[in-house]
Structures are given as C-alpha cells and as structure tokens.
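To keep things clear, I will list the structure first and then write my remarks on it.
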Amino acid sequence: MTKQEMDATAEAYFTAVCAGDAERLRALFVDDVRWRIPKGAIEPYGGVHQGAEKIVGMMLGAVGESFVAGSQRFHVRTTLIGDDIVCKETEMTATAPDGRTYRNDYTFFFAFRDGSISEIREHVDTRYAAEFFG
C-alpha cells in the first residue's frame, strides 16, 4: 500500500465507526486483526482482542450503548505515516444518552497487511473514560 492508501484506510475506519457501519468497518480488516487497548480500560475492553467479527461487534456495541447514534466524531490533530503504519492523534467527541458531552484524547496506531488493517493499537485516557462512564 502507498502511504496515501494507508492514510485513506485509517480515515475510512473513523468514518465507519462514527456511522456505526459494521459492513464497511469489517471490510477494512484482515480476518485475524488485533485490537490492543490499555489494560486499565473499562471491562471488557482492556487488553488484546483478535478476530474481525469479534472486534467489529465490540467496537460498534460500545458506541451504540454509550452514545447517541450519529453523535460520535473524531477530530484528527496529527497524522504520522511510516512504511506500514499510520498514527493518528485524535480527540473524540460524542453525546451520551443523558446529554453530557464526552470529549477524550485517543491515539491510534494502524498496522497494515495485504491492503487491510491488521492491528489497531488504541491509546486513550482510561481514567477520564472510567470517571465519565462510572
């Protein structure tokens, strides 16, 4: 993949997650994709998860339960692109069902294989998330 193709695929990830589009999200992943989240994250998200269907379900399930449909947005602050990896520093905003605004910092590292995302390493302020959802 070219650097432009990797960047476009990473951007397509954000678009699919925000739209709650399972089919489009699944199409971006290799079958054995891995999703790494800090161990301190809210259960059951912390740790390493593997498998496209499982990960799509977890990602979209978390969004669907936690936020008003269509309210989630990623604002990309910085993009770094290497030979087979894209890093996106973002701020994610969304509206909780009770009307509160969720605003948290996320950094994503996307690794690629065979033209698709093979791993996502997600770094997030887990303390803020736990306090917001706690």
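Counting from 1, position 110 in the sequence shown corresponds to residue 109 in numbering that gives the first Met the number 0; the numbering is continuous, with no gaps.
The beta carbon of each residue, even a glycine, is placed where N, CA and C say it ideally should be.
Note that the structure is a prediction, hence the values are computed from the model and not measured.
Distance, residue j Cα to residue i Cα
i: I80; j: A129; result: 30 Å
i: R25; j: V55; result: 6 Å
i: R23; j: M57; result: 15 Å
i: G133; j: D83; result: 37 Å
i: A144; j: R76; result: Within the shown structure, residues of the chain are numbered from 0 to 133, placing residue 144 beyond reach of any answer.
i: A9; j: I116; result: 8 Å
Cut-off 8 Å between Cβ atoms - residues of its own chain near residue i, not counting five sequence neighbours on either side
i: F131; result: A95, R99, Y101, N103
Beta-carbon proximity check, residue i vs residue j, cutoff 8 Å
i: G45; j: K38; result: yes
For residue i, three-class secondary structure by DSSP
i: R99; result: coil
i: T8; result: helix
Residue i: CB within 7 Å of a non-hydrogen atom of the ligand FMN
i: F131; result: For the structure depicted, the ligand FMN is absent and the ligand set is empty, with no information on it obtainable.
- Item | Every unbroken beta strand (DSSP E) inside the segment 33 to 69 [3 residues or more] | Along the length of the segment 33 to 69, whole beta strand (DSSP E) runs at least 3 residues long occupy 46 to 49, reported in chain order.
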